[in-house]
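Here is the structure we will look at, set down as structure tokens.
Spelled out as structure tokens, the structure:
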């Protein structure tokens, strides 16, 4: 009798956590909202006929990510990048030691800057991974941190402007009037994007279920285009999430009242038997 409201409270509580996380990250660049999926819990009876199973409440079966495209906001920074279409930006580990196997994280957030060493990084200092570009425009396949120093003739002070096209190819205009290619932004895709695990903020990590990353330049192999000077907003619908929170809170309160009523009925029955 008490199992059904207990399971309802647990499911509503987990649902509230999902909605709260969505709302907390509504303004986080590149954030992708999640939603809860529920299933009925049925206990098995001793027979095999219709109606033998007993409805025993509900439980959350899965938290699923919504990877729908967020809207783009134009910015004034040439290193702000957004993706239109499939794929993820690839970031390295800022604390990685040379020679160790690379540890990558993946994100739709392209809010970037260049550090004093000429490496393009995100706000946590993680280097943006890129692909080499030959003089004839052929893009390689081996990801490496995007550092602009060599292309800037050894001094990033020589850079007057940075251009990044829809293919993610980075061109530097230098103060001697020349232009040179510094690499291409690497993008990653996965066989099962839903199985990516949360790392922090708007970053994910690969898992056994997601499969390994497939690296490519933008606008190839089904991947999206890079938009320079813009950022992808969160895909959280504030109004929808607030309504969902109200619904989940009502479900929690309703189950809590049902549990209290069941508890009081059980206590009354025990007292009656004790004095009978």
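Residue numbers (our numbering): 1405 to 1680.
From the three backbone atoms N, C-alpha and C, an ideal C-beta is built for every residue, glycine too.
As the structure is a prediction and not an experimental result, all values here were calculated from the model.
Handout entry: Per-residue DSSP class, three states only, for residue 1645
Key = It is helical.
Exercise for the section: Kindly list the residues whose CB is nearer than 7 Å to the CB of residue 1543, restricted to its own chain and excluding five residues on each side of it in sequence; keep chain order. Expected result: These residues qualify, in order along the chain: 1535, 1537, 1588 and 1621.
Practice task
Can you tell me which of 1435, 1558, 1431 and 1440 puts its alpha carbon nearest to the alpha carbon of residue 1473?
Solution key: From the listed residues 1435, 1558, 1431 and 1440, the smallest Cα separation to residue 1473 is found for 1435.
Practice task
Please report how far the alpha carbon of residue 1585 lies from the alpha carbon of residue 1576, in whole angstroms.
Solution key: Spanning the alpha carbons of residue 1585 and residue 1576 requires a straight line of approximately 6 Å.
Problem - Minimum C-alpha distance to residue 1595 - residue among 1566, 1556 and 1612 - result: Nearest in C-alpha terms to residue 1595, of all of 1566, 1556 and 1612, is 1612.
Handout entry: Status (buried if at least 16 other CB within 10 Å, exposed otherwise) for residue 1679
Key = By the neighbour-count criterion, in which a residue is buried when 16 or more other Cβ atoms sit within 10 angstroms of its Cβ, residue 1679 is exposed.
Handout entry: Status (buried if at least 16 other CB within 10 Å, exposed otherwise) for residue 1450
Key = Any reading at residue 1450 must be qualified, since the residue scores a pLDDT of 47, below 50, and its modelled position is unreliable; no value is offered.
Handout entry: N-terminal and C-terminal residue of the beta strand (DSSP E) that residue 1482 is part of
Key = Counting along the chain, residue 1482 falls outside any beta strand (DSSP E), and DSSP gives it neither H nor E.
Exercise for the section: In angstroms with no decimal places, state the Cα-to-Cα distance between residue 1604 and residue 1432. Expected result: Computed Cα separation, rounded: 12 Å.
Practice task
Express the C-alpha separation of residue 1632 and residue 1489 in angstroms, rounding to a whole number.
Solution key: Answer to the nearest angstrom: the Cα atoms are 14 Å apart.
Practice task
On the DSSP bridge assignment, give the partners of residue 1668 in chain order.
Solution key: None; residue 1668 has no bridge partner.
Problem - Neighbourhood of residue 1527 by C-beta, 7 Å cutoff - its chain only, sequence neighbours within 5 removed - result: So the list reads 1515, once near-sequence residues are dropped.
Handout entry: Spatial distance of residue 1629 from residue 1571 (CA atoms)
Key = In a straight line, the C-alpha of residue 1629 is about 6 Å away from that of residue 1571.
Exercise for the section: Tell me whether the beta-carbon of residue 1607 lies closer than 7 Å to the beta-carbon of residue 1511. Expected result: Yes; because the gap between Cβ atoms is below 7 Å, this pair is in contact.
Exercise for the section: Measure the CB-CB distance between residue 1591 and residue 1627 and report whether it falls below 7 Å. Expected result: In this structure, residue 1591 places its C-beta atom within 7 Å of the C-beta atom of residue 1627.
Practice task
Answer yes or no: does any C-beta atom of chain D fall closer than 7 Å to that of residue 1657?
Solution key: Of the protein chains in the structure, only one exists, and it is not chain D.
Practice task
Identify, in the order they occur along the chain, each residue of the same chain with its Cβ nearer than 8 Å to the Cβ of residue 1430, setting aside the five sequence neighbours on each side.
Solution key: Cβ neighbours of residue 1430 beyond the five flanking positions: 1638, 1640, 1642 and 1645.
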